[in-house]
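Structure first, commentary second.
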Amino acid sequence: MPELPEVEVVRRGLAQHVVSRTISAVEVLHPRSVRRHAAGPHDFASRLTGRRVDDVRRRGKYLWLVLDEGDAVLCHLGMSGQFRIDGGDSEPKHLAIALALDDGQRLLFADQRTFGGMAFSEDGAELPHQIAHIARDPLDPEFDTAMFTTRLRKRQTGVKRALLDQTLVSGIGNIYADEALWRTPLHYARNTRHLRTREIDGLLHHVVEVMREALDQGGTSFDTLYVNVNGESGYFERSLAAYGQEGMPCHRCGTPIRREPFMNRSSYRCPVCQPRPRNGRW
DNA sequence: AAGGTCTCCTGAGGGC
DNA sequence: TGCCCTCAGGAGACCT
């Protein structure tokens, strides 16, 4: 699924194509893709229709269209959501929501697994109330490293679990968590309570570094499930050092990268550079 | 109260 | 060929 770099690529593409455009019509083809809207998809459509998009913003993996008069449309790509700018000829598979714009283009939201979706957020321009609990992401100029460190140390859990907790720090998913842990290097099960300040600073540095590099490459695309608004793939997949690299030699020491289940999903690490902690303290 | 698990959904790929 | 199993980049509801 798209993590911060992929969502930021999408945000930039949307900003380019939809800012200053007015939404002339809304078609909801998959009602499940309209989230947390008790009044139903038809009401959702009517609230968007006729509104001008003034900005496109992002926090972590969420992005939102800022509408005139201060409302917003909150969007999340989930595991398989994608936005496409479409002249009107082709229809992507699993098209869920189509926004017609006043310049004749359409903004299409397609989502194979329907874990993503859109939500109307009244007065949500600054920060939609639905995501008030989501922490700032590490690329946010106002990200507070000292506060993050304090909150991290109050946890009693594995460091990767903490990295994936969007209420602690947002934007990081399974790929960039594994990449940052490999770069630092740290084992995913290291106890948050006992991380040294130097280790936390190093981890944050590598989180920012790997996400900036990925952003420069247009994000990570394993398949056609993640593409930008023009349908193009990103190229960071070829730069991954840990994620998906089972059996490949570690770029530092040559030891084969190991894949193991963690949190009902896969974690990839170098068994030599990122040794398993011997006990709860280390 | 916070940590950890389960579940929503479709499709791809491997083993038999 | 097809059937069944596992797995996939997320996150919120729900347990303990």
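Quick note: the first sequence uses this note's numbering, first residue 196, plus one each step.
Idealized CB from N, CA, C, for every residue including glycine.
- P197 versus F310 - alpha carbon distance: Residue mapping note: residue 197 aligns to position 2 of the first sequence, counting from 1. Residue mapping note: residue 310 aligns to position 115 of the first sequence, counting from 1. Whole-angstrom Cα-Cα distance: 12 Å.
- Task: Can you grab the Cα-Cα spacing for the pair E470 / R348, in whole Å?
- Result: By one-based count along the first sequence, residue 470 stands at place 275. By one-based count along the first sequence, residue 348 stands at place 153. In the sequence on display, residue 470 carries Pro and not Glu. Computed Cα separation, rounded: 21 Å.
- Coarse secondary structure for I329, derived from DSSP in three states: The residue given as residue 329 occupies position 134 in the first sequence. Coil, per DSSP.
- Task: Would you mind stating whether V261 and L209 have Cβ atoms separated by less than 8 Å?
- Result: Start at 1 with the first residue of the first sequence, and residue 261 comes out as number 66. Start at 1 with the first residue of the first sequence, and residue 209 comes out as number 14. No, the pair does not count as a contact, with Cβ atoms beyond the cut-off.
- DSSP state of R141 mapped onto helix, strand, coil: Nothing can be reported for residue 141, as the shown portion of the chain is limited to 196 through 477.
- Item | Rounded Cβ spacing between G366 and D332 (contact assumed at less than 8 Å) | Walking along the first sequence from the start, residue 366 turns up at place 171. Walking along the first sequence from the start, residue 332 turns up at place 137. Contact between G366 and D332 is confirmed by a C-beta separation of about 4 Å, below the 8 Å threshold.
- Item | N-terminal and C-terminal residue of the alpha helix (DSSP H) that Q211 is part of | The residue labelled residue 211 in the question sits at position 16 within the first sequence. Looking at the DSSP string, the run of the alpha helix (DSSP H) that includes Q211 is L199 to V213.
- Paired residues, beta bridge with P236 - DSSP: Taking the first residue of the first sequence as position 1, residue 236 is located at position 41. Bridge partners of P236: none, in fact.
- Item | Proximity to P200 [Cα-Cα], best of T340, V405 and A384 | Taking the first residue of the first sequence as 1, we reach residue 200 at position 5. If we check each option's Cα against that of P200, V405 comes out closest.
- Message: Please report the straight-line C-alpha distance between K288 and N386, rounded to a whole angstrom.
- Response: As a first step, residue 288 is located in the first sequence; it is residue number 93 there, counting from the start. As a first step, residue 386 is located in the first sequence; it is residue number 191 there, counting from the start. Near 43 Å, if we compare the C-alpha coordinates of N386 and K288.
- Task: May I ask you to verify whether the region 207–225 touches the region 433–441, counting CB pairs closer than 8 Å and requiring at least 3?
- Result: Output reads no: the region 433–441 does not touch the region 207–225.
- Could you pull out every residue in the same chain whose Cβ sits closer than 6 Å to the Cβ of R206, ignoring the five residues on either side in sequence? Here residue 206 refers to the residue found at position 11 when the first sequence is read from its first residue. So the list reads V251, R253 and L258, once near-sequence residues are dropped.
- Counting only the same chain and skipping the five closest in sequence on each side, list residues whose C-beta sits under 8 Å from that of V204. Indexing the first sequence from 1 puts residue 204 at position 9. Only L410, G413, G414, N423 and G429 meet the Cβ criterion.
- Query: In angstroms, rounded to a whole number, what distance separates the CA positions of T426 and D238?
  - Reply: Walking along the first sequence from the start, residue 426 turns up at place 231. Walking along the first sequence from the start, residue 238 turns up at place 43. One point to set straight first is that residue 426 is Gly, not Thr, in the sequence displayed. The straight-line gap from Cα to Cα measures roughly 30 Å.
- Message: Helix, strand or coil, according to DSSP, for S228 in the structure here?
- Response: Position 33 of the first sequence, counted from the start, is the residue given in the question as residue 228. In this structure, S228 counts as helix in the three-state DSSP scheme.
- Per-residue DSSP class, three states only, for N386: Sequence index remark: in the first sequence, residue 386 carries index 191 (1-based). DSSP places N386 in strand when its eight states are reduced to three.
- Task: Spatial neighbours of E337 within its chain, please: CB distance less than 7 Å, with the 5 preceding and 5 following residues excluded, ordered by chain position.
- Result: The sequence position of residue 337 within the first sequence is 142, counting from 1. Around E337: R331.
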